[in-house]
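Protein chains in written order, with full-length UniProt numbering: chain D, 1 to 348; chain G, 1 to 244.
Here it is in structure tokens:
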């Protein structure tokens with residue numbers, strides 16, 4: 001417990017106002033019902049008793065600062081208030097007697113009003129204490145809430161980072177192997193491939209996980225990847241990209257498309273023999289960018305796909321973290337073609 | 001003179017091995033193959049002494065291909081698989097090369113083969129029994145005459161021990177595979193297959209009911225009516241998996 005309610009304006013201001021009101025009310029009350037008391041007596045009575053009440057109240061605030069009762073321990077709070085009320089009554093009574101005890105009328109009045117004073121002081125102290133407890137609880141809850149949102153945000157960022165970083169080491173090592181072979185066979189091409197691989201890797205490193213880029217940029221980046229894969233797989237891999245004119249500037253999360261295409265290539269190349277055609281098409285549907293990636297597969301030997309299946313779960317998770325929706329990635333099969341469809345909501 | 005075959009789906013990866021091989025006149029490259037099917041055919045045709053084998057290839061992996069060959073030759077794996085996955089077969093393969101590799105590393109592997117080749121051949125069969133690749137336990141590759149069939153594990157009804165073989169029953173009949181029951185017990189997904197008996201492993205999704213049978217024995221009835229023996233121990237395992 002670091003802060004006190006006294007440092008909070010929304011607590012301190014009402015407290016001061018309430019105190020002033022209390023003092024004034026008591027003065028007016030005594031003046032109207034006991035007009036025979038001189039003003040000096042009335043002011044001293046009111047200021048002294050209320051000052052002591054304020055001290056008691058501040059004491060209570062300090063106690064609750066270090067000891068917060070749990071929800072069902074309010075009896076102990078009331079007991080504490082009772083004890084404090086007794087104490088206050090004793091002290092204020094003593095002081096009032098010292099200052100104003102000379103007047104017999106006042107002494108009698110003081111004696112008669114003890115019960116009312118006690119009841120009133122108890123009420124004020126209890127209200128103040130409960131207000132303090134509520135305030136402390138509220139602060140505590142705020143903190144917990146803050147911690148939770150912080151933790152959520154951190155884990156979300158970490159997870160997004162991890163999902164995005166899932167660049168297949170397999171891809172990297174095989175590419176390096178191809179370059180190794182090309183150095184002997186075709187040094188020019190080896191050099192070009194080193195360049196493409198570097199550009200591709202640089203792209204994966206510099207991008208922020210929640211950053212949005214235009215489809216055109218993402219396709220340029222995808223082409224780097226496809227060039228590398230074509231060197232590796234030669235004629236076996238063919239691609240066809242068709243981008244609708246009105247989708248070119250639509251936005252999508254960076255590095256979203258490449259893993260989907262990588263998945264399609266792996267699935268296509270390793271599930272069939274011979275040439276593999278990967279198609280990538282983009283369309284605009286209402287306010288969504290819709291990208292469809294297709295690859296051939298062998299319905300005879302591939303397992304029946306459940307849900308999104310086949311290594312797309314990390315992409316699905318990423319979309320969920322970014323958009324809070326689970327329906328943005330879907331797959332379907334038609335004869336021997338497997339389609340992966342991803343929808344990206346566009347901000348209006 | 002030893003005969004060598006290179007099996008890898010990437011042209012450049014094959015040419016790399018080919019280039020490194022030029023140093024060895026005693027090794028004759030008799031074939032280059034782009035997938036496991038071609039590889040199998042070439043192996044049967046040429047009976048090579050040594051193959052360079054990639055693991056991830058179209059349709060069937062290098063491992064699955066090896067499983068289908070009766071007398072597998074010595075193998076040097078050339079793959080981009082990470083070291084962790086590959087450690088498992090260090091003991092049985094001649095060697096493994098992690099892509100990319102240089103001539104020096106390649107020479108080491110070949111020299112290992114040349115040294116061993118004079119003595120005893122490597123035991124590829126043992127290798128296959130020991131090695132399990134991650135995420136590869138969702139299908140079984142079998143050979144039916146000269147045809148290769150890939151069976152998704154969901155389509156396996158049950159397995160039955162038959163001497164040195166295991167009979168793999170599917171709705172199209174059974175296939176033989178030269179493996180042990182304990183291999184399959186470990187290989188097949190444990191939430192789908194239960195070893196109900198010394199001689200049986202059953203696909204729990206095929207079970208329609210389990211009846212008592214003789215004294216403290218049970219019998220599982222499959223959807224197609226087949227009765228599978230269930231031992232007392234097996235009954236316990238079945239109950240656990242089925243959540244009874």
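We treat Cβ as the ideally placed atom computed from N, Cα and C, and that holds for glycine.
Assumed close pair residue i, residue j - CB separation to whole angstroms, cut-off 8 Å
i              : j              : result
residue 17(G)  : residue 52(G)  : 5 Å
residue 269(G) : residue 201(G) : The structure shown does not extend to residue 269(G), since chain G is modelled only from 1 through 244, so no value can be given for it.
residue 95(D)  : residue 22(D)  : About 17 Å; that fails the 8 Å criterion.
residue 228(G) : residue 196(G) : 6 Å
residue 257(D) : residue 222(D) : 6 Å
residue 48(G)  : residue 4(G)   : 6 Å
residue 192(G) : residue 204(G) : 6 Å
residue 260(D) : residue 183(D) : The Cβ separation is near 32 Å, so there is no contact.
residue 15(D)  : residue 56(D)  : Not confirmed; about 13 Å, so no contact.
residue 153(G) : residue 188(G) : 6 Å
Beta-carbon proximity check, residue i vs residue j, cutoff 8 Å
i              : j              : result
residue 142(G) : residue 175(G) : yes
residue 113(G) : residue 76(G)  : yes
residue 87(D)  : residue 118(D) : no
residue 215(D) : residue 254(D) : no
residue 100(D) : residue 64(D)  : no
residue 227(D) : residue 196(D) : yes
residue 6(D)   : residue 61(D)  : yes
residue 294(D) : residue 225(D) : no
residue 13(G)  : residue 186(D) : no
residue 140(G) : residue 167(G) : no
residue 97(G)  : residue 78(G)  : yes
residue 122(D) : residue 58(D)  : no
residue 93(D)  : residue 125(D) : no
residue 40(G)  : residue 9(G)   : no
residue 291(D) : residue 280(D) : yes
residue 52(D)  : residue 91(D)  : yes
residue 99(G)  : residue 80(G)  : yes
residue 151(G) : residue 170(G) : yes
Coil, strand or helix - residue i by DSSP
i              : result
residue 226(G) : coil
residue 167(G) : strand
residue 41(G)  : helix
residue 259(D) : helix
residue 120(G) : Note on residue 120(G): pLDDT 46, under 50, position unreliable in the model; the coordinate value appears next. Coil at residue 120(G), not helix or strand.
residue 194(G) : strand
residue 330(D) : strand
residue 242(D) : strand
residue 14(D)  : helix
residue 173(G) : strand
residue 340(D) : strand
residue 254(D) : coil
residue 137(D) : helix
residue 212(D) : strand
residue 306(D) : Note that residue 306(D) scores a pLDDT of 42, beneath 50, so its modelled location is shaky and nothing firm can be said.
residue 325(D) : coil
residue 2(D)   : Reliability fails at residue 2(D), whose pLDDT of 48 lies under 50, so the model's placement of it is uncertain and the value that follows must be treated cautiously. Looking at residue 2(D) - three-state DSSP - the assignment turns out to be coil, as it is neither helix nor strand.
residue 126(D) : helix
residue 218(D) : helix
residue 17(G)  : helix
residue 57(D)  : helix
residue 77(D)  : helix
residue 247(G) : Because chain G spans 1 through 244 in this model, residue 247(G) falls outside it and cannot be assessed.
residue 44(D)  : helix
residue 74(G)  : strand
residue 292(D) : strand
residue 211(G) : strand
residue 245(G) : The structure shown does not extend to residue 245(G), since chain G is modelled only from 1 to 244, so the question has no answer here.
Listed by chain order, chain B residues near residue i by CB distance under 8 Å
i              : result
residue 301(D) : Considering every chain present, this structure includes no chain B. Its protein chains are D and G.
Taking Cβ-Cβ distances below 8 Å as the criterion, which residues of the region 146-166 of chain G are in contact with chain D?
-> For the region 146-166 of chain G, which is checked against every Cβ of chain D, the residues closer than 8 Å are 150, 152, 154.
At least 3 beta-carbon pairs within less than 8 Å: the region 197-204 of chain D vs the region 241-252 of chain D = They do not touch, by the three-pair rule.
Compile a chain-ordered list of the residues in the region 255-277 of chain D whose CB is closer than 8 Å to at least one CB of chain G.
-> Residues of the region 255-277 of chain D whose Cβ lies closer than 8 Å to any Cβ of chain G, in chain order: 269, 270, 271, 272, 273.
Mind checking the region 10-28 of chain D against chain G and listing, in chain order, the residues whose C-beta falls within less than 9 Å of any C-beta there?
-> For the region 10-28 of chain D, there are no residues whose beta carbon sits under 9 Å from a beta carbon of chain G.
Does the region 313-327 of chain D come close enough to the region 285-297 of chain D that 3 or more CB-CB pairs lie under 8 Å?
-> Taking 8 Å as the limit for Cβ pairs, the verdict is that the region 313-327 of chain D does not touch the region 285-297 of chain D.
Contact between the region 325-334 of chain D and the region 23-40 of chain G (3+ Cβ pairs under 8 Å) = Taking a cut-off of 8 Å on C-beta distances, the region 325-334 of chain D does not touch the region 23-40 of chain G, as fewer than three cross pairs fall below it.
Check distances from the C-beta atoms of the region 11-28 of chain G to those of chain D and list, in chain order, the residues that come in under 8 Å.
-> Listed by position along the chain: 11, 12, 13, 15, 16, 19.
Inter-stretch contact at 8 Å, needing at least 3 Cβ pairs: the region 266-276 of chain D / the region 228-236 of chain D | The answer is yes - the region 228-236 of chain D touches the region 266-276 of chain D, with three or more Cβ pairs under 8 Å.
Pull out every residue of the region 182-200 of chain D whose Cβ sits closer than 9 Å to any Cβ of chain G, in chain order.
-> Residues passing the 9 Å Cβ filter: 182, 184, 185.
Do the region 209-228 of chain G and the region 185-200 of chain G touch if we need at least three Cβ pairs shorter than 8 Å?
-> Taking 8 Å as the limit for Cβ pairs, the verdict is that the region 185-200 of chain G does touch the region 209-228 of chain G.
Touching by the beta-carbon criterion (3+ pairs, under 8 Å), the region 63-76 of chain G and the region 147-156 of chain D = Not touching, per the Cβ criterion.
Mind listing which residues of the region 211-227 of chain G have their C-beta closer than 8 Å to chain D's C-betas, in chain order?
-> Here the close residues number zero.
Interface positions of the region 320-338 of chain D facing chain G (Cβ-Cβ less than 7 Å), listed along the chain = Hits within the stretch: zero.
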